[in-house]
Amino acid sequence: VQVKRHLATLTTLREEFPALPVPRPIRELHFGNAWCAIEERLGGWTAGQICGDQQKVSRMLSDVAEHFAGLITRPAQEFTEADFERLIGERVRRVSMKAPDKETKAALIEMEALAREQLIGACFPLVRSHGDLRSKHVQVDQDGGVLGYLDWGATEERDIPLFDLLHLIINERKQEALI
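Heads up: the sequence shown begins at 910 in our numbering, then just goes up one per residue.
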């Protein structure tokens, strides 16, 4: 399912957001029940290879912020209770089910209430999200400039702006802690 979504999304992104650097899909293959995506190879390195180099990481994050800010799929309008339920409530429930302890579950409930208070009624656009933006899904050049974004199998057509950037920053910090 994710391979099919990934390939379809590459085509859609190249049509709807031509300035966004993504690989060109070439074809898909089926081996029994397994699917395989064949796409253009992007040069450079994965962003994980520049981890710890603050100048390069800063350049990469700046490019990501600029690219993803342009992926608007619903113009700015009031964020409704239905929007909240679909984009936050459902996610909080899924995470809560896997939370290891009562303190984590309580923190999630508190964060959900705070988000509800701050988001419902606010006016902002919704964007296409990558859904799993981590360093290994960002190809960069030797200076940290973004060459492209890989693996769109977890994409969402309409999502809250900045989730992808926040996810990337959190994962970048985890990477830095390992070096």
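The beta carbon of each residue, even a glycine, is placed where N, CA and C say it ideally should be.
Pick out the complete alpha helix (DSSP H) segments inside the stretch 926–1004, 4 residues or longer, and give them in chain order.
Counting whole runs of 4 or more residues, the stretch 926–1004 contains the alpha helix (DSSP H) stretches 963–978, 990–993.
Residue nearest to I1069 in terms of C-alpha spacing, selected from L1035, E937, P932:
Restricting attention to L1035, E937, P932, the CA atom closest to the CA of I1069 is found in L1035.
In chain order, what residues of the same chain lie with their CB nearer than 7 Å to the CB of R1067, ignoring the 5 residues before and after it?
Residues T982, R983, L1035 of the same chain have their beta carbon placed closer than 7 Å to that of R1067, with the five preceding and five following residues left out of the count.
For R936, the nearest candidate out of A1063, L929, C945 (CA to CA)
Measuring from the Cα of R936, the nearest candidate turns out to be C945.
Return the bridge partner residues of E1021 from the DSSP annotation.
By DSSP's assignment, E1021 forms no beta bridge with any residue.
When DSSP labels each residue in this structure, what does R1067 get in the three-state scheme?
For R1067, the secondary structure class from DSSP, reduced to helix, strand or coil, is strand.
Using C-beta distances below 8 Å, list every residue in its chain close to G1030, excluding the 5 sequence neighbours before and after it, in chain order.
Taken in chain order, the residues that qualify are E987, F988.
Do V1049 and I959 count as a contact pair if the criterion is CB distance below 8 Å?
The Cβ atoms of I959 and V1049 sit closer than 8 Å to each other.
Hey, out of E948, S1038, F926, whose CA is closest to L1075's CA?
Comparing Cα-Cα distances from L1075 to each of E948, S1038, F926, the minimum goes to S1038.
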